[in-house]
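Residue numbers (the working numbering): 12 to 318.
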């Protein structure tokens, strides 16, 4: 399998690479957008890698990125002939008539680069599997390789202030309506006084509950989880490194039914109380709650599972 992977020509689009470079040479104004999308490593052709690498350095220095400066920098770097000399460089400027489609060309180059990275990662995974390494080590390295490729994708994180203000006031209208009706503007915890202080939990919030051991942190968190899932029908994921799924389920059941945990663990359950517990279990069975009790969970694995 490895030999087959190596025998094939990796995905590439030399035409798109040349079109990107040509767009820069005829319209330096596109340089910032191109630099946000691509790096020299994204180019398959060695010649195009060298040219774009020079463009990157000029851009980082704040120097003009045009055919004159690029040619001179390639010459002083001793690689002008390697890219075909001034003649071939001038030809790149004639590859495209305008820079109008530079983003489309750049996106194509990026996609081919990601495909090559995936092939390289897959090849390494295959080799590791054949070499008889520990299964956990192979899985860990495979996951790391895929995540590195995923995180290498550059997304457009900037927006014009006009669009931001439009979205802001759209949210403000919703918040205003909620305030008039007395509803919490964020995600309610089910604890009225807490919600009055926080106005509810919001996306991207990181809320840390801290105290000494055995003060009720887990019980408090599970109570909020059950409130969000049962009262507001919101999906909730509970990750716990210290307790098993069964222990967490016991605590949730006691929380929903207002039953003492110590009595549940001892099996001290009357007939009427048994009925109450079974009703509570039926309610929890359909609740949008996911429980994970992996003891060695790290942030990267948690993020992967949450996705």
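Here a beta-carbon is modelled for each residue, glycine too, at the ideal position from N, C-alpha and C.
Starting from the Cα of residue 218, find the closest Cα among 225, 231 and 274 and give me that residue. 231
Using 10 angstroms around the beta-carbon of residue 19, count the other beta-carbons present and answer buried if the total reaches 16, otherwise exposed. exposed
Are residue 86 and residue 65 touching if we call contact CB-CB under 8 Å? no
Give me the Cβ distance between residue 149 and residue 136, rounded to the nearest whole Å; I'm assuming they're in contact under 8 Å. The pair is a contact, with the Cβ atoms about 7 Å apart (cut-off 8 Å).
Roughly how many angstroms lie between the CA atoms of residue 16 and residue 61, to the nearest whole one? With a pLDDT of 49 at residue 16, under the threshold of 50, the predicted position of this residue should be treated as unreliable, and no value is reported.
Cβ neighbours of residue 13 in the same chain (closer than 7 Å, five flanking residues each side left out): Here residue 13 scores only 49 on pLDDT, less than 50, and its place in the model should not be relied on; the value that follows carries that caveat. Counting only Cβ-Cβ distances below 7 Å, and skipping sequence neighbours, we find 134, 137 and 138.
Are the Cβ atoms of residue 267 and residue 307 separated by less than 8 Å? Note that the C-beta distance between residue 267 and residue 307 is not below 8 Å.
For the ligand HEM, any of its heavy atoms closer than 7 Å to the Cβ of residue 116? This structure lacks the ligand HEM, and indeed carries no ligand of any kind.
Under the rule that 16 or more other beta-carbon atoms within 10 Å means buried, what is residue 124, buried or exposed? buried
Buried or exposed, going by whether 16 or more other CB atoms sit within 10 Å of the CB of residue 325? Lying before the first or after the last residue shown, residue 325 is absent from the chain, which here runs from 12 to 318.
Please report the straight-line C-alpha distance between residue 245 and residue 209, rounded to a whole angstrom. So the alpha carbons of these two residues sit roughly 18 Å apart.
First and last residue of the alpha helix (DSSP H) that includes residue 248? That residue, residue 248, is in no alpha helix (DSSP H); its beta strand (DSSP E) goes 247-250.
Between residue 234 and residue 281, how many whole angstroms is the CB-CB distance? I'm expecting something under 8 Å. Between residue 281 and residue 234 the Cβ distance is about 24 Å, and since that is not below 8 Å, they are no contact.
Short check: CB of residue 263 to CB of residue 295, under 8 Å? yes
Between the stretch 42-49 and the stretch 113-121, do three or more beta carbon pairs fall short of 8 Å? yes
Any idea which residues DSSP pairs residue 212 with across the strands? Under DSSP, the beta-bridge partners assigned to residue 212 are 198.
Residue 128 classed as buried or exposed, judged by whether at least 16 other C-beta atoms fall within 10 angstroms: buried
Any idea if residue 33 is buried or exposed, counting beta-carbon neighbours within 10 angstroms, 16 or more meaning buried? In the assembly as shown, residue 33 is a buried residue. Its beta-carbon has 16 or more other beta-carbons within 10 Å.
Buried or exposed for residue 26, going by 16 or more other Cβ atoms inside 10 Å? exposed
Beta-ladder partner(s) of residue 35, from DSSP: Answer by DSSP bridge pairing: none, since residue 35 is not bridged.
Which of helix, strand or coil does DSSP assign to residue 280? coil
Spatial neighbours of residue 196 within its chain, please: CB distance less than 7 Å, with the 5 preceding and 5 following residues excluded, ordered by chain position. 186, 189, 190, 210 and 211
If you reduce the DSSP assignment to three classes, tell me which class residue 40 lands in. helix
Short Cβ contact (8 Å threshold) for residue 29 with residue 98: A distance of 8 Å or more separates the beta carbons of residue 29 and residue 98.
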